[in-house]
Each structure stands twice: as structure tokens, then as C-alpha cells.
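Q:
Numbering (our numbering), first residue to last: 87 to 377.
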């Protein structure tokens with residue numbers, strides 16, 4: 087049961103974009119950043135924040151192009167931009183050190199930040215947020231820059247012509263949310279829909295995220311440099327994976343070798359959003375780790 091009082095909305099500026107975050111109060115407590123993943127939003131953490139707000143100063147940012155943050159005018163959603171935004175949030179908050187829980191794309195971003203600034207992160211919980219396995223990444227890199235850039239230009243043009251999907255009612259958007267993740271309860275799906283959709287001028291509803299997010303950048307760091315960032319992490323790390331997820335676990339592909347301070351827990355009956363699918367177990371594991 088959620089308390090009646092929710093978080094306050096705030097803004098910070100990163101690379102001229104006004105980005106949004108919610109603050110759950112308790113500023114005297116140590117700072118804890120909860121970072122959502124791709125095509126998600128900061129209010130998907132509400133259940134987690136309710137559990138942790140009494141011991142932590144919980145901050146939940148919306149990534150650029152997501153939730154109530156501004157969209158990049160040129161549709162730039164490269165990892166360099168996301169990592170800068172995350173670093174800018176920590177800088178803006180004025181914190182010497184933060185604890186981080188991050189999911190999917192957010193985990194990928196936070197992992198790189200933690201490798202870049204290991205002294206800045208006290209503990210880190212990563213939920214399925216390491217990106218494709220190294221072997222898959224190297225296969226993509228082997229295709230050559232020219233081929234990748236041509237494909238990127240083609241996909242970007244397609245995205246520019248794509249009409250934002252509209253739903254006649256919030257209930258229709260809710261039904262789509264339920265189809266997308268069968269593990270969600272009705273209450274979870276309703277909450278995620280209310281905070282994840284926005285009303286159009288004609289009275290229809292659309293998801294808040296930018297369509298350009300569906301086009302992944304070609305200009306990322308080489309795989310070996312990403313691994314070097316993983317290996318630079320010094321704080322305790324908890325990796326969480328759902329056994330029914332599309333994201334392959336790092337248990338069997340060598341990625342665990344690059345995280346000397348990490349432990350991995352795999353969740354039965356959980357998909358990619360395991361913090362929704364197995365909430366009770368997730369909260370118990372996170373509280374135990376952070377304590």
C-alpha cells in the first residue's frame with residue numbers, strides 16, 4: 087500500500103536539455119539514485135522508492151527522451167550523451183558519493199559511470215543492464231563502420247517518418263502495457279500507464295518516449311574499452327537477472343570475470359523487469375545488499 091504523499095518533481099540542465107527527476111525527500115539520508123531503462127520512466131520505481139525512502143534520499147531521474155524529460159532536438163541518444171547526463175545529475179545534486187540501482191539501458195549507463203568515477207559510487211545494483219554480450223558486440227563491430235553508418239542513416243530516416251502511435255483511451259494504452267509484460271499485475275500496469283502516457287491535442291493518448299530511441303547509435307566505444315570500464319569498478323556490485331528474460335545472463339558468457347566485486351542472483355519466474363515481476367524477493371535482496 088503506497089503512502090498518500092508522493093515525490094516532488096525537479097529539473098536539471100544537461101547539454102542544454104531540461105531533464106526531469108523526482109525526489110522522494112529525506113535529504114539528510116545518504117543519496118540513492120534509481121535509474122530506469124529504455125522506453126520506461128522514473129515513476130516505474132515508485133514501489134521500490136516507497137520501500138527505501140525511509141533509509142535513503144531517493145532520486146529517480148527520467149533519461150533524455152523519456153518520461154517528463156525533454157527530447158533531444160536532433161534525436162541524439164548515444165551512450166556518450168546518456169553517461170554525460172547521469173554524471174551531470176550527480177554533479178548537480180552536489181554529492182561526493184551515491185548509491186545506484188539501475189535497470190536495463192539505465193544499468194548500462196550507470197555501469198559506465200561507475201567505471202569512469204569509481205570513487206563516486208558506494209554500491210551498485212545492476213538489473214539486466216550490461217548490453218549485448220561481448221561476442222555479439224564484436225560481431226557487430228566486424229561489419230565495418232561504413233555498413234553500420236549506412237544502416238543507421240536508413241533507420242533514422244524511417245523513424246523520422248513514423249507516426250506516433252495513438253490510443254483512443256488510457257484503457258487502450260493499459261491493455262497494450264498488459265500485452266507487453268504478462269507478469270504485471272493489473273495495479274502495476276495501471277500505474278505504469280498513468281505515468282507513462284501523455285494526452286495529445288486531439289484527446290488521444292501516446293507514450294511519452296521519443297520514437298528516435300528505437301534507432302540505436304553506431305558511435306559507441308569499442309568492446310574492449312567498455313570491458314575496461316567494467317574492470318575499473320571498485321565498489322560492491324549486485325547483478326540481477328530474470329530467468330525468463332530475453333537478456334542473456336552474464337553467468338555463462340564470461341562477463342562475470344570482468345566484475346571482481348560482483349555477485350549474481352538469477353530470478354525464477356521473472357522476465358526483464360524482475361523488480362516488478364518478483365518485487366518481494368527483489369526488495370529483500372536489495373535491502374540486504376545495501377545494508
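Glycine residues also receive a C-beta, built at the ideal position from the N, C-alpha and C atoms. Since we're looking at a predicted model, the values are computed, not measured.
(1) Is residue 364 helix, strand or coil when you go by DSSP?
(2) Would you mind reading off the limits of the beta strand (DSSP E) that contains residue 117?
(3) Output needed for residue 168: all residues of its chain with C-beta closer than 6 angstroms, excluding positions within five of it in sequence on either side, in chain order.
(4) Tell me, please, which residues DSSP counts as bridged to residue 327.
(5) Does the stretch 155-172 come close enough to the stretch 188-207 that 3 or more CB-CB pairs lie under 8 angstroms?
(6) Would the stretch 332-342 count as touching the stretch 281-291 if we require 3 or more Cβ pairs under 8 angstroms?
(7) Could you tell me if residue 148 is buried or exposed, where buried requires 16 or more neighbouring beta carbons within 10 angstroms of its beta carbon?
(8) So, using beta-carbon positions, are residue 164 and residue 295 closer together than 8 angstroms?
(9) Could you tell me the distance, in whole angstroms, from the CA atom of residue 176 to the CA atom of residue 144?
(10) Quick check on residue 108: does DSSP put it in helix, strand or coil?
(11) State the start and end residues of the unbroken alpha helix (DSSP H) segment that holds residue 194.
(12) What are the complete beta strand (DSSP E) segments, minimum 3 residues, inside the stretch 165-252?
(13) In whole angstroms, what separates the C-alpha of residue 87 from that of residue 325?
(14) With a Cβ-Cβ cutoff of 8 angstroms, do residue 105 and residue 187 count as a contact?
(15) From the DSSP output, read off the bridge partner residues of residue 159.
(16) On a Cα-Cα basis, can you pick out the residue from 365, 371, 375 and 370 that is closest to residue 132?
(17) Among 221, 320 and 134, which has the Cα closest to the Cα of residue 373?
(18) In the DSSP assignment, find the beta strand (DSSP E) that holds residue 94 and state where it starts and stops.
(19) How long is the line joining the alpha carbons of residue 207 and residue 342, rounded to whole angstroms?
(20) Look at the Cβ atom of residue 95, then the Cβ atom of residue 108, and state whether they are nearer than 8 angstroms.
(21) Report the partner residues of residue 113 according to the DSSP bridge assignment.
(22) In the structure shown, what three-state DSSP assignment does residue 319 receive?
A: Result, derived from the coordinates:
(1) coil
(2) 117-121
(3) 195
(4) 352
(5) yes
(6) The count of Cβ pairs closer than 8 angstroms, one atom from the stretch 332-342 and one from the stretch 281-291, stays below three, leaving the stretches out of contact.
(7) buried
(8) No.
(9) Their backbone Cα atoms lie some 13 angstroms apart in a straight line.
(10) Correct three-state label for residue 108: strand.
(11) 191-202
(12) DSSP runs (the beta strand (DSSP E)) wholly in the stretch 165-252: 184-189 and 207-213.
(13) Confidence is the limiting factor: at residue 87 the pLDDT is only 49, short of 50, which leaves the residue's position unreliable and the question unanswerable from this model.
(14) Going by C-beta atoms, residue 105 is not nearer than 8 angstroms to residue 187.
(15) Note: residue 159 sits in no beta bridge, so no partner.
(16) 365
(17) Per the Cα distances, 134.
(18) 94-100
(19) 19 angstroms
(20) yes
(21) According to DSSP, residue 113 bridges with nothing at all.
(22) coil
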